[in-house]
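Visitor: All residue numbers for the sequence shown refer to the UniProt record's numbering, where the first residue is 1 and numbers rise by one.
Positions of the beta carbon are idealized from the N, C-alpha and C atoms, including for glycine.
Dumping the structure here so I can ask a few things about it.
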Amino acid sequence: KKIEIMNIIEYAREPYPLSLNKWGIILSISLFISLFMYIPG
């Protein structure tokens with residue numbers, strides 16, 4: 001799995017704006033879901 005993780009990291013570090021925007025959106029959604037699940041109620 002280390003190889004897959006490294007491939008994902010290298011892909012995320014590519015200088016293409018589309019890839020950066022895609023990963024930014026994914027991280028934002030993940031963070032939002034984490035905060036939403038963390039807040040009680």
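#1: With H, G and I counted as helix, E and B as strand and the rest as coil, what does DSSP make of residue 25?
#2: Output the distance between the C-alpha atoms of residue 25 and residue 35, rounded to the nearest integer angstrom.
#3: Alpha carbon to alpha carbon, what distance is there between residue 32 and residue 38?
Guide: The answer reads as follows:
#1: helix
#2: 15 Å
#3: 10 Å
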